[in-house]
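What follows is a set of notes on a single structure, which appears directly below.
2 protein chains.
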Amino acid sequence: MALIVAKFGGTSVADVERIERAAEKIVREVEAGNQVAVVVSAMSGVTNTLVGYCGEISKLHDLREYDVVVSSGEQITSGLMAMALQKRGIAARSWLGWQIPFKTNDMHGKARITDIQTEELKKRLGSGEVAVVPGFQGITEANRISTLGRGGSDTSAVALAAALEADRCDIYTDVDGVYTTDPRIVPQARKIKKISFEEMIELASLGSKVLQTRSVEIAMKQGVKLQVLSSFEDHIGSDMPGTLVVQESEIMEEELVSGIACSRDEAKITLLRVSDVPGVASKVFSPLGKAGVNVDMIVQNVSADGQFTDMTFTVSRADLPRALEVVEKLEEVEYEKILSSDNVSKVSVVGVGMISHPGVAEKMFTTLANKGINIQVISTSEIKISVLIEEDYTELAVRALHAAYGLEETA
Amino acid sequence: MALIVAKFGGTSVADVERIERAAEKIVREVEAGNQVAVVVSAMSGVTNTLVGYCGEISKLHDLREYDVVVSSGEQITSGLMAMALQKRGIAARSWLGWQIPFKTNDMHGKARITDIQTEELKKRLGSGEVAVVPGFQGITEANRISTLGRGGSDTSAVALAAALEADRCDIYTDVDGVYTTDPRIVPQARKIKKISFEEMIELASLGSKVLQTRSVEIAMKQGVKLQVLSSFEDHIGSDMPGTLVVQESEIMEEELVSGIACSRDEAKITLLRVSDVPGVASKVFSPLGKAGVNVDMIVQNVSADGQFTDMTFTVSRADLPRALEVVEKLEEVEYEKILSSDNVSKVSVVGVGMISHPGVAEKMFTTLANKGINIQVISTSEIKISVLIEEDYTELAVRALHAAYGLEETA
């Protein structure tokens with residue numbers, strides 16, 4: 276017998292029929308002797324509608340009231356899921372954020388979880404009852420509804436799994452696992468059976484939208500075994516059909532490279548001939564941070580003359596106008612010119628095995644060069660190498676790299 | 276300065292634009308120096324959609340989960356209304372049922388209000404903050420969401436007004452007041468400026484859908500001054516443009532007859548040649564009550580031979596099949612035959628003045644007779660006379676009676 280947290284995303288509970296199908300899976304888990312807590316998203320489209328209403332009233336609406344409005348989407352699904360389970364003879368009830376309570380800080384709209392009271396839930400689960408918990412929502416110290424930010428239901432599920440000390444957290448979604456790259460770009464992409472948290476975080480943050488990054492971080496920190504699987508196929512989590520995200524040590528055969536990720540949500544800014552003096556980087560990036568602009572890749576070359584250097588960095592496309600505004604107003608930094616472009620994409624090779632294999636980087640650069648793809652910026656970490664290239668070359672680069680590292684399906 | 280509870284029904288908050296228009300009215304009330312608590316319904320159509328989801332899953336769904344699902348409609352409107360007020364520079368916040376708390380018993384789906392904690396609300400109202408309260412919802416002793424039944428937002432508003440000791444409860448709706456009869460049937464129908472609680476209850480229960488009966492009963496019991504007014508015209512409650520529902524003693528010039536009501540939601544059942552023995556009525560109506568069938572008019576004639584009598588009663592159309600099932604299974608009552616029909620309607624003359632004027636009834640019967648309308652059943656109370664007639668004659672009867680009692684607009 277295991278205690279499982281099963282999370283169903285928006286497309287998996289898109290309408291009543293799909294909620295019923297999801298309920299069927301839970302019934303099978305219960306019949307297999309497991310205790311189950313279900314975390315549900317809003318029915319697909321509902322959150323967008325609700326967010327739209329708030330935006331219609333004011334772009335600067337009160338985030339406390341925003342949370343009251345948008346959290347209702349998950350509330351609706353919770354009640355319906357509990358009903359669908361009861362209809363199948365399963366004792367079930369919904370547990371809203373304030374009923375658990377599922378406590379967060381008071382950063383409305385993007386709150387952080389602080390504490391989940393599980394005593395009562397554990398008792399109910401132990402008695403065979405299924406708990407249905409709305410994802411994405413919590414309650415603040417001030418007794419007001421909070422939400423965790425878009426995609427926060429993954430985070431709710433993982434945090435609940437950690438608090439319940441669950442044996443596994445199954446994330447049911449519209450894909451059947453994590454692939455070596457986007458199958459829409461490379462049809463031969465292969466489903467990965469086991470992947471490490473570190474690799475998953477890189478893949479998630481690099482544009483693979485399977486899991487919310489924060490949820491993987493929490494899973495890693497709290498040691499929650501995660502499984503990504505499809506809600507549209509005829510299996511349940513306990514059949515282990517998806518991709519398991521686990522500690523690196525649990526992966527027996529380590530692949531050198533586990534996947535190729537790409538992200539088009541990139542823009543680059545270059546400051547030409549910046550005075551090369553100590554503290555200049557901080558003078559550029561502190562104001563950006565204060566303006567809420569998240570800087571990703573940063574490249575600064577050693578200057579040839581010791582006086583001037585070129586500095587390039589990337590931000591998300593949505594942040595480009597704000598970033599440019601900040602940079603143009605910099606007073607303490609002297610430079611000749613600003614260049615910017617959002618016609619770029621980031622392609623990354625990810626794998627925990629690469630740290631001890633310097634050949635990985637070389638293969639990447641050679642492969643891209645052979646296809647005539649120019650690398651604009653390079654950044655590396657222990658488990659990934661990312662390059663910024665012209666956006667039009669994205670698919671070409673991903674296909675070439677996927678083949679070069681031998682990631683194709685080997686049936 | 277007055278403390279006002281203003282309630283906006285579904286069509287008055289149908290979309291963001293209407294929510295904003297409703298907010299404008301509240302702003303004007305605040306600018307006039309009033310303290311305001313706003314009670315909102317779900318945006319029109321939302322509750323039906325949510326109720327539909329529950330019905331899709333199961334006709335016999337858990338009412339506790341039903342309440343979780345359907346209460347979210349009002350929750351959404353509350354957050355949006357608070358935002359719309361804030362946008363206009365008014366300090367406002369939403370107060371969900373569990374936050375107030377707005378306590379009810381545990382009859383989920385049709386809960387009764389037991390207690391409303393107003394200490395914090397009063398403090399906030401006193402400091403100039405507008406409180407936005409979702410109608411229709413409360414919280415049980417077991418800390419679960421409850422709802423008051425369809426149309427319950429009127430009841431929420433009146434109960435809140437009573438608890439806050441408000442000076443007035445304004446019910447903004449899609450009609451601009453209570454009329455002497457349905458203006459769709461009689462274009463000359465006149466808006467009533469003041470009406471007594473008793474008359475309003477009769478009109479409400481007789482098919483005039485302006486206010487929920489229960490809300491008027493609570494208003495009467497708790498002495499809450501009610502006003503029905505339109506949210507679509509350019510006035511606010513403090514202009515007193517609608518119909519005021521007050522104690523009978525506050526109405527100076529009493530009309531003999533204040534209105535003509537009609538209801539088509541009627542069905543009749545007749546038991547022919549029932550044994551005329553003591554206790555027979557109880558043997559018929561107790562089982563109906565136990566089956567949840569609400570019996571309205573009951574007529575039993577003195578029997579000619581002292582042995583048999585005919586018994587006729589009416590129920591709502593939806594209850595007819597269930598009522599027939601109960602009656603057909605009666606074991607302790609002997610009768611010859613059951614007749615039933617749902618081709619009937621109830622037309623009523625309502626007025627607090629009629630009790631001391633026997634001529635009212637006579638005028639009703641004569642008027643109907645002159646139009647060739649056959650009266651099937653008659654029932655009377657202190658302030659109304661109702662007759663059951665063939666449904667096809669409804670409009671004819673209403674128009675004739677409206678004219679006979681001189682209720683037309685006198686411009």
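Those protein sequence lines, which keep their order, are chains A and B.
Residue numbering for the first sequence follows the working numbering, starting at 276 and increasing by one per position.
Residue numbering for the second sequence follows the working numbering, starting at 276 and increasing by one per position.
Backbone N, C-alpha and C define an ideal beta-carbon position, used for all residues, glycine too.
Distance check between Glu-349(A) and each of Leu-671(A), Asp-290(A), Glu-657(A) places Asp-290(A) closest, using alpha-carbon atoms only. Counting of Cβ neighbours within 10 angstroms places Gln-374(A) among the buried residues, the total reaching 16 or more. Contact check for Ala-672(B) against Ser-616(B) fails: the beta carbons are separated by 8 Å or more. Non-local beta-carbon contacts of Val-608(B) in its own chain, meaning distances under 8 Å to residues more than five positions away in sequence, involve Leu-546, Val-549, Ser-550, Val-555, Lys-558, Val-559 in chain order.
Taking a C-beta cut-off of 8 Å against chain B, none of the residues of the stretch 381 to 407 of chain A qualify. Residues of chain A with a Cβ closer than 8 Å to the Cβ of Lys-300(B) do not exist; the shortest Cβ-Cβ separation is about 16 Å.
Leu-682(B) counts as buried, since at least 16 other C-beta atoms from the protein chains shown sit within 10 angstroms of its C-beta. Closer than 8 Å to the CB of Gln-350(A) there is at least one CB belonging to chain B. The beta-carbon distance between Thr-669(A) and Cys-537(A), rounded to whole angstroms, is 6 Å. This is short enough to meet the 8 Å contact definition. Within its own chain, the residues whose Cβ lies closer than 8 Å to the Cβ of Leu-504(B), once the five positions on either side in sequence are excluded, are Asp-445, Ile-446, Tyr-447, Thr-448, Asp-451, Gly-452, His-510, Gly-512, Pro-516, Gly-517, Thr-518, listed in chain order. Here the alpha carbons of Pro-596(B) and Leu-614(B) stand approximately 13 Å from one another.
Under a criterion of Cβ atoms nearer than 7 Å, the residues of chain A adjacent to Ala-359(B) are, in order, Ile-332. Judged by pairs of C-beta atoms under 8 Å, the stretch 358 to 366 of chain B does not touch the stretch 389 to 407 of chain A, as fewer than three such pairs exist. About 6 Å separates the beta carbons of Arg-539(B) and Glu-666(B), which is inside the 8 Å limit, making them a contact pair.
Within the stretch 524 to 550 of chain A, no residue has its Cβ closer than 7 Å to any Cβ of chain B.
Measuring C-alpha to C-alpha distances from Lys-466(A) to each of Thr-456(A), Ile-460(A), Phe-472(A) identifies Thr-456(A) as the nearest.
Residue-level contact by beta carbon fails for Gly-413(B) and chain A, as no gap is shorter than 8 Å. The bridge partners DSSP lists for Val-315(B) are Phe-283(B), Pro-409(B). Only Asn-418 from the stretch 415 to 429 of chain B bring a Cβ to less than 7 Å from some Cβ of chain A. Judged by DSSP in its simplified three-state form, Tyr-610(B) adopts coil rather than helix or strand. 8 Å or more divides the Cβ of Ala-277(B) from the Cβ of Val-313(B).
For Met-358(B), the enclosing alpha helix (DSSP H) stretches over residues 347 to 362.
Here Lys-659(B) is bridged, per DSSP, to Val-625(B), Ser-656(B). Bounds of the beta strand (DSSP E) holding Ala-542(B) are 534 to 550. For the stretch 635 to 657 of chain A, the set of positions with a beta-carbon nearer than 9 Å to some beta-carbon of chain B is empty. By the Cβ-count criterion, Thr-422(A) is buried, with 16 or more other Cβ atoms from all chains shown falling within 10 Å of its own Cβ.
Here the alpha carbons of Gly-354(A) and Gly-626(B) stand approximately 45 Å from one another.
Val-321(B): member of the alpha helix (DSSP H) spanning 321 to 332, first to last residue.
Interface criterion met: the Cβ of Lys-362(B) is under 8 Å from a Cβ in chain A. CA-CA distance, Thr-379(B) to Asp-337(A), rounds to 30 Å. Separation of Gly-628(A) and Leu-478(A) (C-alpha to C-alpha, rounded to the nearest whole angstrom) is 15 Å. In this structure the stretch 428 to 444 of chain A touches the stretch 396 to 416 of chain A; the number of beta carbon pairs closer than 8 Å is three or more. Interface flag for Gly-372(B) against chain A is unset, since no Cβ pair is found closer than 8 Å. With a threshold of 8 Å between beta carbons, Ser-369(A) makes contact with chain B. Around Ala-436(A), the same chain offers Val-280, Cys-444, Val-499 as residues with beta carbons nearer than 6 Å, after the five sequence neighbours per side are excluded.
When only Cα atoms are considered, Ser-319(B) and Glu-395(A) end up about 37 Å apart.
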